[in-house]
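Let me begin by presenting the structure, written as structure tokens, before commenting on it.
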Amino acid sequence: MNRTIFALASGGVRAALSVYRLSGPEAGPALRALIGGDLPAPRLAALRTLRDKKGQQIDKGLVLWFPGPSSFTGEDVVELHLHGGRAVSQAISAALLDLGLRPAEPGDFTRRAFEAGKLDLTQAEAIADLVDADTSAQRRQALAQLEGSLGHLYEGWRLELLRGQAHLEAAIDFAEEDLPVDLIASSQAALSDLADRIAAHLADDGRGERLRDGLRVVLLGAPNAGKSSLLNLLAGRDAAIVSSTAGTTRDVIEVSLDLGGYPILLADTAGLRDGAEEIEREGVRRARERADAADIKLLVLDGANWPQLDAESMVQLDARCLLLLNKADLVSGAIPEKLLNHPLMAVSAKTGQGVDRLLEKLASTAEDRMAGSGAPALTRVRHRSALLDAEAALRRAGQQTLPELVAEDVRVAARAIGRITGRVDVEAMLDIIFREFCIGK
Ligand SMILES: Nc1nc2c(ncn2[C@@H]2O[C@H](COP(=O)(O)OP(=O)(O)OP(=O)(O)O)[C@@H](O)[C@H]2O)c(=O)[nH]1
Ligand SMILES: [Mg+2]
Numbered sequence: 000m001n002r003t004i005f006a007l008a009s010g011g012v013r014a015a016l017s018v019y020r021l022s023g024p025e026a027g028p029a030l031r032a033l034i035g036g037d038l039p040a041p042r043l044a045a046l047r048t049l050r051d052k053k054g055q056q057i058d059k060g061l062v063l064w065f066p067g068p069s070s071f072t073g074e075d076v077v078e079l080h081l082h083g084g085r086a087v088s089q090a091i092s093a094a095l096l097d098l099g100l101r102p103a104e105p106g107d108f109t110r111r112a113f114e115a116g117k118l119d120l121t122q123a124e125a126i127a128d129l130v131d132a133d134t135s136a137q138r139r140q141a142l143a144q145l146e147g148s149l150g151h152l153y154e155g156w157r158l159e160l161l162r163g164q165a166h167l168e169a170a171i172d173f174a175e176e177d178l179p180v181d182l183i184a185s186s187q188a189a190l191s192d193l194a195d196r197i198a199a200h201l202a203d204d205g206r207g208e209r210l211r212d213g214l215r216v217v218l219l220g221a222p223n224a225g226k227s228s229l230l231n232l233l234a235g236r237d238a239a240i241v242s243s244t245a246g247t248t249r250d251v252i253e254v255s256l257d258l259g260g261y262p263i264l265l266a267d268t269a270g271l272r273d274g275a276e277e278i279e280r281e282g283v284r285r286a287r288e289r290a291d292a293a294d295i296k297l298l299v300l301d302g303a304n305w306p307q308l309d310a311e312s313m314v315q316l317d318a319r320c321l322l323l324l325n326k327a328d329l330v331s332g333a334i335p336e337k338l339l340n341h342p343l344m345a346v347s348a349k350t351g352q353g354v355d356r357l358l359e360k361l362a363s364t365a366e367d368r369m370a371g372s373g374a375p376a377l378t379r380v381r382h383r384s385a386l387l388d389a390e391a392a393l394r395r396a397g398q399q400t401l402p403e404l405v406a407e408d409v410r411v412a413a414r415a416i417g418r419i420t421g422r423v424d425v426e427a428m429l430d431i432i433f434r435e436f437c438i439g440k
């Protein structure tokens with residue numbers, strides 16, 4: 000049996016209120032000991048004075064009693080809503096340790112909920128994502144996943160496979176029975192159809208994962224072009240040092256932006272040039288590394304040198320680039336909308352010119368890359384690799400001629416998908432065999 004655990008469920012302790020959560024068989028006795036009386040009615044808040052073993056008052060607050068199995072973890076659960084503060088936290092923790100409870104490890108409560116069958120693994124992951132969500136689009140994605148959008152999709156696919164496997168197993172084990180003769184061909188058609196649906200789901204350009212992590216945007220360009228000035232302007236704070244000395248920035252400096260609900264990680268980098276001294280050279284190496292990993296490269300051109308283009312920056316030109324002509328305040332004459340077939344935007348970190356347009360452009364790109372058609376998106380590499388395994392197994396199944404081998408590939412595919420939701424079991428398959436075929440009636 001699980002030991003009873005407790006944890007401060009709300010973050011930092013210095014706050015008006017803090018919530019403590021207890022889960023396990025000793026949760027009820029612990030609450031009775033703390034309040035010196037009977038348990039309150041289930042799921043109703045009750046105001047109680049909490050005392051330690053010596054009868055010393057710890058605090059007065061709301062207590063809630065959630066008897067298992069209809070609780071978050073499926074176990075007996077208690078919530079204590081006490082005053083926030085280090086001394087209260089220390090006193091209640093000491094009292095709970097004194098009662099034999101153990102401090103929870105990260106994820107302990109959700110893990111117990113999963114083990115009790117309250118959540119599948121994608122929902123458990125969604126709780127972590129919801130807690131980490133910084134923007135509204137991230138929150139919506141996590142909520143949909145918590146509601147089971149991904150879990151239902153995968154579970155549906157898995158049941159389809161189990162049904163297919165049941166048909167094939169029946170053909171193998173009960174060949175003399177009255178089964179359809181074209182079983183293999185029709186199974187294979189269904190399997191290849193599912194493989195296509197999995198492939199379509201995988202071909203989403205990683206939007207779900209990108210929404211979790213943020214779109215990676217990097218500022219690149221020659222020293223002194225004004226990259227750090229632009230970063231500070233976009234971030235709305237002085238995150239990076241700006242100076243008229245070329246080669247000021249060395250380390251990569253990253254800020255998070257929320258553009259229309261979509262998360263962006265904007266990185267400022269060292270100015271690109273060769274032959275600098277050692278530290279700056281390392282900075283340039285890091286800048287190029289960031290550029291390679293970026294979703295969008297903002298290539299900053301120095302308006303002070305316009306229309307001269309520096310070679311080091313031009314090497315970076317590719318489909319991920321948006322060209323920015325900074326220091327537009329110093330440029331006289333018309334600035335073209337395009338340069339070398341890439342969109343060019345005139346901006347000035349000094350006057351703020353063009354910055355709104357740049358933000359709009361970034362926001363709309365972020366939406367393009369991260370918003371979906373409404374279909375659930377996979378959100379983790381773990382999902383992707385399991386689905387790739389499943390798809391490969393289904394493609395293999397299409398090549399097999401013996402029902403045994405087709406069935407084996409289907410089994411591999413079903414297990415791969417079952418790993419995503421954490422619901423790999425064999426009982427379900429037996430149920431389907433007997434329900435659908437009525438064999439051995
Ligand atoms: N006139 C004008 N000056 C600017 C503008 N943007 C930046 N500057 C000036 O250009 C100089 C360099 O700016 P930084 O932001 O440090 O340039 P950087 O690209 O980060 O430079 P490194 O870190 O050395 O690569 C500073 O003196 C800024 O004040 C602008 O839009 N107009
Ligand atoms: Mg800089």
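Here the sequence shown is numbered in numbering that gives the first Met the number 0, starting from 0 and rising by one per residue.
Backbone N, C-alpha and C fix where the C-beta goes; we use that ideal spot for every residue, glycine too.
Just so we're clear, the structure is a prediction, and the values are computed from it rather than from any experiment.
Integer Cβ distance of residue i from residue j, believed to fall under 8 Å
{"i": "I295", "j": "L230", "result": "With 8 Å as the limit, I295 and L230 do not qualify as a contact, their Cβ atoms being about 14 Å apart."}
{"i": "G73", "j": "K117", "result": "5 Å"}
{"i": "T378", "j": "G207", "result": "4 Å"}
{"i": "L61", "j": "A44", "result": "5 Å"}
{"i": "F71", "j": "F113", "result": "The pair is not a contact, with the Cβ atoms about 11 Å apart (cut-off 8 Å)."}
{"i": "E390", "j": "I197", "result": "5 Å"}
{"i": "R455", "j": "D128", "result": "Since the displayed the chain opens at 0 and closes at 440, residue 455 lies outside it and no answer follows."}
{"i": "A286", "j": "L343", "result": "At roughly 21 Å, the Cβ-Cβ gap does not stay under 8 Å, so A286 and L343 are not in contact."}
{"i": "Q187", "j": "V405", "result": "7 Å"}
{"i": "A396", "j": "L190", "result": "5 Å"}
Helix, strand or coil at residue i [DSSP, three-state]
{"i": "L429", "result": "Reliability fails at L429, whose pLDDT of 47 lies under 50, so the model's placement of it is uncertain and the value that follows must be treated cautiously. Helix at L429."}
{"i": "L233", "result": "helix"}
{"i": "S312", "result": "helix"}
{"i": "G439", "result": "Because G439 carries a pLDDT of 35, less than 50, the predicted location of this residue cannot be relied on, and no value is offered for it."}
{"i": "W305", "result": "coil"}
{"i": "S52", "result": "Note on residue identity: the sequence assigns Lys, not Ser, to residue 52. It is coil, neither helix nor strand."}
{"i": "P342", "result": "strand"}
{"i": "N68", "result": "It is Pro, not Asn, that sits at residue 68 in the sequence shown. It is coil, neither helix nor strand."}
{"i": "G270", "result": "coil"}
{"i": "S227", "result": "helix"}
{"i": "A45", "result": "strand"}
{"i": "I252", "result": "strand"}
{"i": "R286", "result": "Per the sequence shown, residue 286 should be read as Ala rather than Arg. Helix."}
{"i": "L118", "result": "coil"}
{"i": "S384", "result": "helix"}
{"i": "E168", "result": "helix"}
{"i": "G60", "result": "strand"}
{"i": "D257", "result": "strand"}
{"i": "G27", "result": "helix"}
{"i": "G220", "result": "strand"}
{"i": "P375", "result": "coil"}
{"i": "E78", "result": "strand"}
{"i": "I295", "result": "strand"}
{"i": "S22", "result": "strand"}
{"i": "A132", "result": "coil"}
{"i": "S243", "result": "coil"}
Selected residue, minimal CA-CA separation from residue i, among the options
{"i": "S92", "options": "L145, A8, L361 and V409", "result": "A8"}
{"i": "T268", "options": "G205, S255, E277 and R284", "result": "R284"}
{"i": "E104", "options": "A29, D131, S227 and F5", "result": "F5"}
{"i": "T121", "options": "L21, D107 and Q144", "result": "Q144"}
{"i": "G225", "options": "R381, P39, G351 and L38", "result": "G351"}
{"i": "Q137", "options": "G421, A385, R422 and A376", "result": "A376"}
{"i": "S331", "options": "Q89, S384 and P306", "result": "P306"}
{"i": "D172", "options": "L152, P402 and R319", "result": "P402"}
{"i": "G235", "options": "N1, V12, A370 and D355", "result": "D355"}
{"i": "S17", "options": "V87, R249, L152 and L167", "result": "V87"}
{"i": "S384", "options": "G397, S372 and H200", "result": "H200"}
{"i": "V254", "options": "S69, D133, R422 and R13", "result": "D133"}
{"i": "G246", "options": "N223, T400, L96 and V423", "result": "N223"}
Beta carbon proximity, residue i to chain D, threshold 8 Å
{"i": "R111", "result": "This model lacks chain D altogether; it includes just one protein chain."}
Exercise. Within the chosen definition, does the segment 405-414 reach the segment 159-168 through at least 3 CB pairs nearer than 8 Å?
Worked result: Verdict: yes, contact present.
Problem set entry | Cβ pair count under 8 Å reaching 3, the segment 355-373 against the segment 245-260 | By the Cβ rule, the segment 355-373 counts as touching the segment 245-260, because three or more pairs are nearer than 8 Å.
For this session: Check whether the segment 264-282 touches the segment 308-316, counting contact only when three or more Cβ pairs, one atom from each stretch, lie closer than 8 Å.
Result: Short answer: they touch.
Exercise. When the Cβ atoms of the segment 316-328 are set against those of the segment 190-207, are three or more pairs found closer than 8 Å?
Worked result: Flag = no, the segment 316-328 and the segment 190-207 do not touch.
Exercise. Is the number of C-beta pairs between the segment 329-346 and the segment 236-245 that are closer than 8 Å three or more?
Worked result: Contact between the segment 329-346 and the segment 236-245 is absent, because fewer than three Cβ pairs lie under 8 Å.
Exercise. Should the segment 62-81 be regarded as contacting the segment 39-54, the criterion being three or more beta carbon pairs within less than 8 Å?
Worked result: Using a C-beta cut-off of 8 Å, the segment 62-81 makes contact with the segment 39-54, since at least three inter-stretch Cβ pairs fall below that distance.
Problem set entry | Cβ contact check for the segment 18-32 and the segment 53-67: 3 or more pairs under 8 Å | Contact between the segment 18-32 and the segment 53-67 is present: three or more C-beta pairs spanning the two stretches fall below 8 Å.
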